[in-house]
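Undergrad: Residue numbers (my numbering): 175 to 349.
For every residue, glycine included, the Cβ atom is placed at its ideal position computed from N, Cα and C.
Keep in mind that this is a model prediction, so the values were computed, not measured.
Handing you this structure, nothing more for now.
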Amino acid sequence: MRSFTFRGKNSEDYGILVESIDRTLLAGRRDTRIAIPQRDGKTETGVYMAYEGIQLSVSCGFLADSKEKRQEKAREIAYWLSGEGKLVFSDEPDKYYQAAVISPIQLEALLRIGKFSVVFDCYPFAFGKTVDEEFLESYLPRYQGTAPAPIMITIHNAGKSPAVGIQIQIRKRMI
175 MRSFTFRGKN
185 SEDYGILVES
195 IDRTLLAGRR
205 DTRIAIPQRD
215 GKTETGVYMA
225 YEGIQLSVSC
235 GFLADSKEKR
245 QEKAREIAYW
255 LSGEGKLVFS
265 DEPDKYYQAA
275 VISPIQLEAL
285 LRIGKFSVVF
295 DCYPFAFGKT
305 VDEEFLESYL
315 PRYQGTAPAP
325 IMITIHNAGK
335 SPAVGIQIQI
345 RKRMI
């Protein structure tokens, strides 16, 4: 059964059944081109390709013991889904999205059943895990992403002698 975790809480904690997840494969590119008079087409204004955010839609349902309990559970779910945080899907547990719910969530209520769809507005790319590795001599980080990502290198000297002569070479990967 599929589930999702948002702001550290799993949908199963609320008895939510995930019916479907609509994920955007690729975010739309922000158009940074301009039209120049007396020139055909458009001209790119910069080197960096910027992307718009993506929307991920999740259709859900839940069952309650009574109509009153359904409304109570719906309010708990609404409170949980307000705000922003990390969004993780159970079928891709090693990735997360920075997400916020900004669209209204409509509850379709039928007796003890509640159904709703939630749309998460997300940063255009999924994030992977933070890599923390130890090395002695040289180290070549292996980046597995599909978009440019920042890197932070922290060096900690675990030895008793001073660390001298440390060199960091940065090479840009070209696709």
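Can the beta-carbon of G235 be found closer than 8 Å to that of I287?
TA: Within the sequence shown, residue 235 is the residue found at index 61, counting from 1. Within the sequence shown, residue 287 is the residue found at index 113, counting from 1. Going by C-beta atoms, G235 is nearer than 8 Å to I287.
Undergrad: Report yes if the CB atom of L281 is closer than 8 Å to the CB atom of A248, and no otherwise.
TA: Position 107 of the sequence shown, counting from 1, holds the residue named residue 281. Position 74 of the sequence shown, counting from 1, holds the residue named residue 248. In this structure, A248 lies closer than 8 Å to L281 by Cβ.
Undergrad: For D268, which residues from the same chain have a beta carbon less than 7 Å from its beta carbon, with the 5 sequence-adjacent residues on both sides left out?
TA: On the sequence shown, residue 268 is found 94 positions in, with the first residue counted as 1. Once the five neighbours on either side are set aside, the close Cβ partners of D268 are G302 and K303.
Undergrad: Do V293 and S277 have their C-beta atoms closer together than 8 Å?
TA: Position 119 of the sequence shown, counting from 1, holds the residue named residue 293. Position 103 of the sequence shown, counting from 1, holds the residue named residue 277. Taking 8 Å as the Cβ cut-off, V293 and S277 qualify as a contacting pair.
Undergrad: Helix, strand or coil for D196 per DSSP?
TA: Along the sequence shown, read from residue 1 onward, the residue named residue 196 stands at position 22. D196: strand per DSSP, three-state reduction.
Undergrad: Shortest alpha-carbon distance to N184 belongs to which of L261, T206 and A283?
TA: For the purposes of this step, residue 184 is taken as residue 10 along the sequence shown, with counting starting at 1. Here the closest residue by C-alpha is L261.
Undergrad: Relative to the C-alpha of Y222, which candidate in A332, Q343, A321 and L314 has its C-alpha closest?
TA: Here the question's residue 222 lines up with position 48 in the sequence shown. Closest by alpha carbon: A321.
Undergrad: Whole angstroms are fine: how far does the CA of V305 sit from the CA of P315?
TA: To locate residue 315, count along the sequence shown from 1; it is residue 141. To locate residue 305, count along the sequence shown from 1; it is residue 131. If you take the alpha carbons of P315 and V305, they lie about 9 Å apart.
Undergrad: Comparing alpha-carbon positions, which option in L255, I327 and Y297 lies nearest F290?
TA: Taking the first residue of the sequence shown as 1, we reach residue 290 at position 116. Selected option, being the one with the closest Cα: L255.
Undergrad: Cβ of K241 within 7 Å of any heavy atom in the ligand GDP?
TA: Only the bare structure without any ligand can be found here, which leaves the ligand GDP out of the picture.
Undergrad: Please name the residue in V275, E266 and I228 whose C-alpha comes closest to that of R176.
TA: Stepping through the sequence shown from its first residue, residue 176 is reached at position 2. Ranking V275, E266 and I228 by Cα distance to R176 puts E266 first.
Undergrad: Find out if the Cβ-Cβ distance for the pair E226, R197 is shorter than 8 Å.
TA: Sequence index remark: in the sequence shown, residue 226 carries index 52 (1-based). Sequence index remark: in the sequence shown, residue 197 carries index 23 (1-based). Not in contact: E226 and R197 (Cβ atoms no closer than 8 Å).
Undergrad: My assumption, with CB atoms under 8 Å, is that F178 sits in contact with F263. Please give the rounded CB distance.
TA: Reading the sequence shown from its first residue, position 4 is the one you call residue 178. Reading the sequence shown from its first residue, position 89 is the one you call residue 263. Confirmed, about 5 Å.
Undergrad: With a cut-off of 8 Å on the beta carbons, I'd call D295 and Q229 a contact; round off their distance for me.
TA: For the purposes of this step, residue 295 is identified with residue 121 of the sequence shown, where counting begins at 1. For the purposes of this step, residue 229 is identified with residue 55 of the sequence shown, where counting begins at 1. Sure, about 6 Å apart at Cβ, within 8 Å.
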